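Have a look at the structure below before the remarks.
2 protein chains.
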Amino acid sequence: MTKFAPMPEPPYYAVIFANQASADLSGYDVMAEAMVAQASSQPGFLGIDSTRAGDGFGITISYWKDETSIRNWRDNLGHMAAQKLGMERWYDHYTLRIAKVERQYEGPEGRSARQ
Amino acid sequence: MTKFAPMPEPPYYAVIFANQASADLSGYDVMAEAMVAQASSQPGFLGIDSTRAGDGFGITISYWKDETSIRNWRDNLGHMAAQKLGMERWYDHYTLRIAKVERQYEGPEGRSARQ
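Line by line, the protein sequences give chains A and B.
Quick note: to get the working numbering, add 151 to the position in the first sequence (first position is 1).
Quick note: to get the working numbering, add 151 to the position in the second sequence (first position is 1).
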């Protein structure tokens, strides 16, 4: 289950990034890996859930302690450079939402015990 | 861009469902389609972003007007039946987070104009 982001006690923040990959993904893998490594080293980073279908539609959610952590990450220079390159070249379209996680559950282990 | 959920004015709510599909997905497609159709007909439903990679790791985010809409959806009988069946059979593991969307952006169209 290490694939799933950890679930610290709410409230905390989620950055919900939905995106359609473009036809030109040259350099994407290297930069994506570097960005995840960089995010992971930022104060307040809590985890990441990420997946992409064969048609190029991807969703990446990064979790953060608070809004300050998100702002600091955004202002990070390396991240900005990746943003400028990536947003124009790698994505046909994307949406980005900042949301405050208020409640959470997991399963199905122990599910019947909670009902 | 119809693939992306619409972006109404925040605040609104996101139900973030990350899941690892199990080996036994018999009946999954039919039920998943029915659940999306059912959610779409619920008051307060705003849209859905969903994707799944070849390894079975999926993320589905449904967006809702408020917490009451989410509660009503959850309490819907058909949805509950699907939950009970699905959570045990179709998913090896899942996480579910309820989050309040506070800010949002989209791009890359018009990105430079906003900087």
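We treat Cβ as the ideally placed atom computed from N, Cα and C, and that holds for glycine.
What you are looking at is a predicted structure, and each value in this text was computed from that prediction instead of being measured.
Please report how far the alpha carbon of Glu257/B lies from the alpha carbon of Gly178/A, in whole angstroms. For the purposes of this step, residue 257/B is taken as residue 106 along the second sequence, with counting starting at 1. For the purposes of this step, residue 178/A is taken as residue 27 along the first sequence, with counting starting at 1. Each residue's alpha carbon lies about 22 Å from the other.
Identify every residue that forms a DSSP beta bridge with Tyr256/A. Taking the first residue of the first sequence as 1, we reach residue 256/A at position 105. DSSP lists Leu247/B as partners of Tyr256/A.
What residues of chain B sit near Pro259/A, judged by a beta carbon separation below 8 Å? Position 108 of the first sequence, counted from the first residue, corresponds to residue 259/A. Near Pro259/A (Cβ distances below 8 Å), the residues of chain B are Met238, Glu239, Tyr242, His244, Tyr245.
My assumption, with CB atoms under 8 Å, is that Leu247/B sits in contact with Gln255/A. Please give the rounded CB distance. Position 96 of the second sequence, counted from the first residue, corresponds to residue 247/B. Position 104 of the first sequence, counted from the first residue, corresponds to residue 255/A. Leu247/B to Gln255/A, Cβ: 6 Å. Contact.
If contact is defined by three or more beta carbon pairs under 8 Å, each pair taking one atom from either stretch, is the region 197–205 of chain A in contact with the region 204–213 of chain B? yes
Contact with chain C by Thr219/B, beta-carbon distance below 8 Å: Judged by its chain identifiers, the structure shown contains no chain C, and its protein chains are A and B.
Of the choices Glu239/A, Ile249/A, Phe155/A, whose alpha-carbon is the least far from that of Ser220/A? Residue numbering aside, residue 220/A sits at position 69 when the first sequence is read from its first letter. Nearest C-alpha to Ser220/A: Ile249/A.
Give the DSSP-derived three-state secondary structure of Asn170/A in the structure shown. As a first step, residue 170/A must be located in the first sequence, where it is residue number 19. Three-state result, Asn170/A: strand.
Do Phe196/A and Ala188/A have their C-beta atoms closer together than 8 Å? Locating residue 196/A in the first sequence gives position 45, counting from the first residue. Locating residue 188/A in the first sequence gives position 37, counting from the first residue. Cβ atoms of Phe196/A and Ala188/A: not closer than 8 Å.
Own chain, CB closer than 7 Å to Ser263/B, minus 5 neighbours either side, in chain order: For this step, residue 263/B is matched to residue 112 along the second sequence. Caution applies to Ser263/B, whose pLDDT of 41 falls short of 50 and renders its modelled position unreliable; the model cannot decide the point.
Answer yes or no: does any C-beta atom of chain B fall closer than 8 Å to that of Met152/A? The residue you call residue 152/A lines up with position 1 of the first sequence. Caution applies to Met152/A, whose pLDDT of 46 falls short of 50 and renders its modelled position unreliable; the value that the coordinates give is listed next. Residue-level contact check: Met152/A touches chain B, since one or more beta carbons of chain B fall below 8 Å from its beta carbon.
Under 8 Å, Cβ to Cβ, is there at least one residue of chain B near Ala264/A? In the first sequence, the residue the question calls residue 264/A occupies position 113. Legend: pLDDT at Ala264/A = 36, less than 50; position of this residue unreliable, value from coordinates given subsequently. It does not: the Cβ of Ala264/A has no partner Cβ on chain B nearer than 8 Å.
Please list, in chain order, the chain A residues whose beta carbon lies closer than 8 Å to that of Phe208/B. Here residue 208/B refers to the residue found at position 57 of the second sequence. Neighbours of Phe208/B in chain A, taken as residues at a C-beta separation under 8 Å, are given in chain order as Lys154, Thr202.
Helix, strand or coil for Asp180/A? Go by DSSP, reduced to three states. Taking the first sequence and counting its residues from 1, one reaches residue 180/A at position 29. Correct three-state label for Asp180/A: helix.
Determine the burial state of Asp226/B: buried for a count of at least 16 other Cβ atoms within 10 Å of its Cβ, exposed for fewer. Mapped onto the second sequence, residue 226/B falls at position 75. Result: exposed.
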